[in-house]
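Structure first, commentary second.
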Amino acid sequence: YFLLSHLAIVDISYASNNVPKMLANLLNKKNTISFAPCIIQTFLYMAFAHTECLILVMMCYDRYVAICHPLRYSVIMSWRVCTAQAVTSWACGFLLALVHVVLILRLPFCGPHEINHFFCEILSVLKLACADTRLNQVVIFVASVFILLGPLCLVLVSYARILSAILRIQSGEGLRKAFSTCSSHLCVVGLFFGSAIVMYMAPKSRHPEEQQKILSLFYSLFNPMLNPIIYT
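Numbering-wise (the numbering used here), the sequence shown opens with residue 1 and increments by one.
In structure tokens, the structure reads:
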């Protein structure tokens, strides 16, 4: 439950970063946000997204050890290892977000200062820049490969080995517990990584701007809401 508690903290932080200002904008006719809070919102949005990706991978490894090496679980997944995994996930997530924000701050924003989005999402913020943003786009794509495709490949390999181990379980009760343990995590991984890959790696020409707004809302708001339901 250690990594699951960190996932819950990330989900709560996600909602706390975006929802209050979003609700305020829905209630007020004048929807405004100053530059500094917008950049902070973008930074936290990216930081929590990166952190959740890495924590989901760590949770996958935790399930792999629990099912494939149950007798050595307490040795492999010691308190020190779990703490190191959590600290690494948070540190890498915030460092990557800091890189994005530093690259945004070097850009000039000369108007019109209107974000066509529900909150300060990084791609929408970049559209306001009146300078070449190709470097930002490249960094976003490279970061997506590192934080989405790389971990997703690790997840798929881990679950392939988990499935192989599950099929060798003779006990019906043990088989049921193994499937129930993995199915909830696999649902969360599929929803989170699937929507994120479509959002940041799929060609933008295939997804209209309004569709991207709904997708990012699902990715940043509905996923955290669904996680507790899936895991219960």
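Beta carbons are placed, not taken as given, at the ideal position from N, Cα and C, and that holds for glycine.
| Query | Result |
| --- | --- |
| Identify the continuous alpha helix (DSSP H) that holds H6 and give its terminal residues. | F2 to L27 |
| Put P70 into one of helix, strand or coil per three-state DSSP. | helix |
| Which of the three DSSP states is assigned to L128 in this structure? | coil |
| Can you give me the C-alpha to C-alpha distance between V139 and L126, rounded to a whole angstrom? | 13 angstroms |
| Starting from S89, trace the alpha helix (DSSP H) in both directions and tell me its first and last residue. | W79 to L105 |
| What residues in its chain sit with their C-beta under 6 angstroms from that of A165, if we drop five residues either side in the sequence? | I67 and C68 |
| Within its chain, find whatever has a CB closer than 8 angstroms to the CB of A196; leave out the 5 residues flanking it on each side and keep chain order. | A49, C53, S144, L148 and Y219 |
| Determine the closest residue to V198 out of L186, V188, S78 and L215, with distance taken between C-alpha atoms. | L215 |
| Sorted by chain position, which residues of the same chain lie with C-beta nearer than 7 angstroms to V57's C-beta, five sequence neighbours on each side aside? | P151, L154 and V155 |
| So, for L103: in the same chain, excluding its five sequence neighbours on each side, which residues have a beta-carbon less than 7 angstroms away from its beta-carbon? | L135, N136 and V139 |
| What are the start and end residues of the alpha helix (DSSP H) that includes C120? | Premise fails: C120 is in no alpha helix (DSSP H) and is neither H nor E. |
| For R176, name the three-state secondary structure that DSSP assigns. | helix |
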